[in-house]
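Before any comments, here is the structure.
Number of protein chains: 2
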Amino acid sequence: MSKQKRKSDCPINFALEIFGDRWTFLIVRDLMFKNKHYYGEFLGMEEKIATNILADRLILLEENGIVTRTIDEAHNSKKIYRLTKKGIDLLPLLTEAILWSAKYDKSTAADSKFIRKAKKDRVGLYAEISESLK
Amino acid sequence: MSKQKRKSDCPINFALEIFGDRWTFLIVRDLMFKNKHYYGEFLGMEEKIATNILADRLILLEENGIVTRTIDEAHNSKKIYRLTKKGIDLLPLLTEAILWSAKYDKSTAADSKFIRKAKKDRVGLYAEISESLK
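Residue numbers (the numbering used here), protein chains in the order written: chain S, 164 to 297; chain R, 164 to 297.
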């Protein structure tokens, strides 16, 4: 995004210039809710991301300050990806996407415990997930 | 979406199978916040949507029950597009996208009155916008 001219300063468009691609968003989902941190783990997602797309989107996420990439000394110096504060701040957006889908998708796999908690105690849910990502 | 096999039942993926395309989302934005209802109005968006993409995405939105298309007798029988309840229910998701962008985009065009209201009285804001869309 930083390298090309923006199409507008609209805030919806700002988010879309990063996320207007399903794969980018699914990687953030894996980091946020599925405790995934490694390339091979993202590659294993149910939606079957292609390896070149995964590599490209991880760079995009890093360039936009949404993930950090560091070396994991504990795991053969593999690259480990983590959400930044800016990335974790996407939690309300993802939560609203989950609630909307849970409402309108008859065959949703949304976690009913998550849905209940999101409806009853949003602040507590966000605190719990943010804490788990530290 | 109804016509092709889904990649997963994940609720994030459900939303992305409809919105994992920036243009679809920008049309919903125009309907939600910019009081636009006609083909020519969407075509005039700042981000410059191509006419074939616009036509395609309007069909997608209609097929997915997010917009209705009717004949506007008051305006030379032009087609008029409106958000359905399912479409209006995307308001929290769009609002979170706006808040996130307003926080992280230094050159945001986000409306400061909207941001203030979203932070102070979310319920009131949603009621006001939903009412305006009826």
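Just so it is clear, CB atoms sit at the ideal spot from N, CA and C, and this is done for glycine as well. For clarity, every value in this text was computed on a predicted model and none was experimentally measured.
Mind pulling the chain S residues with CB within less than 8 Å of residue i?
i	result
R/Phe188	Ile175, Leu179, Gly183
R/Glu210	Lys170, Ser171, Cys173, Asn176
R/Ala272	Ser171, Asp172, Cys173, Pro174
For the beta strand (DSSP E) containing residue i, list its first residue and its last residue.
i	result
S/Ile190	Where S/Ile190 is concerned, there is no enclosing beta strand (DSSP E), although the alpha helix (DSSP H) it sits in stretches over 185-196.
S/Ile229	Premise fails: S/Ile229 is in no beta strand (DSSP E) and is neither H nor E.
R/Lys241	241-246
Anything in chain R within Cβ reach of residue i, meaning under 7 Å, just list it in chain order.
i	result
S/Tyr267	Lys249
S/Glu259	Pro255, Leu256, Glu259
Considering just the uninterrupted stretch of the alpha helix (DSSP H) at residue i, what are its terminal residues?
i	result
S/Arg220	214-226
S/Leu256	254-267
R/Arg285	285-295
S/Ala273	Neither: S/Ala273 is in no alpha helix (DSSP H) and is coded neither H nor E.
R/Gly203	202-206
R/Glu180	174-182
Below 8 Å on the Cβ atoms is my contact criterion, and I expect residue i with residue j to pass it. Report the Cβ-Cβ distance as a whole number of Å.
i	j	result
R/Ile261	S/Pro174	4 Å
R/Leu189	R/Ile212	7 Å
S/Gly250	S/Ile278	23 Å between Cβ atoms; not a contact.
Cβ atoms of residue j and residue i: under 9 Å apart, would you say?
i	j	result
S/Lys248	S/Tyr201	no
S/Ser171	R/Glu259	no
S/Leu257	S/Arg192	yes
R/Asp184	R/Arg220	yes
To the nearest angstrom, report how far apart residue i and residue j are at their CA atoms.
i	j	result
R/Ile243	S/Tyr267	24 Å
S/Lys166	S/Asn227	With a pLDDT of only 48 at S/Lys166, under the threshold of 50, the placement of this residue in the model should not be trusted; the figure read from the coordinates follows. Approximately 11 Å, taken between the alpha carbons.
R/Gly203	S/Gly207	43 Å
R/Asp252	R/Ala290	11 Å
R/Gly287	R/Leu246	20 Å
R/Glu169	S/Ser270	Before going on, a small fix: residue 169 of chain R reads as Arg here, not Glu. Each residue's alpha carbon lies about 11 Å from the other.
S/Lys283	S/Lys276	11 Å
R/Arg232	R/Ile222	9 Å
S/Asn176	S/Ser264	22 Å
S/Asn215	S/Leu194	19 Å
R/Lys280	S/Arg285	18 Å
S/Asn239	S/Glu225	22 Å
S/Ser293	S/Ala237	23 Å
R/Ile181	R/Ile234	25 Å
S/Ala272	R/Phe196	31 Å
R/Leu217	S/Thr187	23 Å
S/Phe205	S/Asn198	10 Å
So residue i contacts chain A; which residues on that side make the cut at Cβ distance below 7 Å?
i	result
R/Arg220	The question asks about chain A, but that chain is absent: this structure's protein chains are S and R.
Run through chain R and tell me which residues come within less than 9 Å of residue i, C-beta to C-beta.
i	result
S/Thr214	Per Cβ cutoff of 9 Å: no residues; S/Thr214 is ~16 Å from chain R at best.
Going along chain R in order, which residues have a C-beta closer than 8 Å to the C-beta of residue i?
i	result
S/Ala237	None at all; the shortest Cβ gap to chain R is about 29 Å.
S/Asp252	Trp263, Lys266, Tyr267
Residues of chain S with CB closer than 7 Å to the CB of residue i, please, in chain order.
i	result
R/Arg192	Ile175
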